[in-house]
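Below is one structure; the comments refer to it alone.
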Ligand SMILES: C[S@@+](CC[C@H](N)C(=O)[O-])C[C@H]1O[C@@H](n2cnc3c(N)ncnc32)[C@H](O)[C@@H]1O
């Protein structure tokens, strides 16, 4: 089993808030649309995190279907179980994307969003994705390219320091560049690749990048080459830009629509 990444409770809170912003609600809707879900299907969400996508999937497949969320982190599994406590067709299980606790050919659709950047062996994870998907089944993978956040700043040197430190949060920085190869090597078919940008022109609680800045601040605190004053100055600078009407953030998420060839 890989070590993965275990987020602190502070980061988990900011993640949950980020996931409820209109930016990410819209991004989840794109995922649901790519899965082309039908009533009664059995679906797997790999790295299900706080469980919001699992909830959306459960709505789409109805009570005759079922959703399994697999995640490595106990605190994520707890949050997700609480969020979905009222849904009888949802379950969660601890497991690693590189060795899924699931039988071969057991899901009509498989999804994984924002997970593979944390997984040490992308090819092994895709082989697992392919193994558990039924022949003829569909899949969606979404990952962000953290190498290129486009983010205005008052002090660009500090911004670069912060963004570089944040890159340490995931071992696979440019995973979208490697996904097409890994998907095809696993025997799956790549049907479409879409870019789903998130653009924010204001810095407040309704926007993804507001919560992302809090996540980054919490995550990089204590790193050897980062002073707490740098983090404070950077966050204050984002507010300054917002107040001047000069705030700008854009990041690209890449959505891969996949299918498993029928036997
Ligand atoms: C950024 S969160 C994304 C959560 C969710 N998929 C979403 O988009 O809302 C990353 C999740 O991947 C999980 N994770 C990281 N490495 C993993 C691994 N090797 N196997 C399973 N889950 C993993 C983390 O515990 C965390 O819940």
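In our numbering, the protein residues as written are 37 to 299.
Cβ atoms here follow ideal geometry from the backbone N, Cα and C, with glycine treated the same way.
What you are looking at is a predicted structure, and each value in this text was computed from that prediction instead of being measured.
- Taking the Cβ of residue 117 as the reference point, every heavy atom of ligand 1 lies at 8 Å or farther away.
- The DSSP-derived three-state label of residue 145 is strand.
- For the set 134, 169, 148 and 147, the Cα lying nearest the Cα of residue 157 is the one of 134.
- Ligand 1 never approaches residue 223 closely enough for any of its heavy atoms to be under 8 Å from the residue's Cβ.
- At least one heavy atom of ligand 1 is found less than 8 Å from the C-beta of residue 149.
- If you check the CB distance, residue 184 and residue 287 come in under 9 Å.
- Per DSSP, the continuous alpha helix (DSSP H) segment holding residue 48 begins and ends at 45 to 55.
- The residue among 274, 47, 160 and 119 with its C-alpha nearest the C-alpha of residue 132 is 160.
- Contact annotation: residue 166 and residue 222 have beta-carbon atoms nearer than 9 Å.
- Pairing residue 69 with residue 258, the inter-Cα distance amounts to about 40 Å.
- Distances from the CB of residue 290 to the heavy atoms of ligand 1 are all 8 Å or more.
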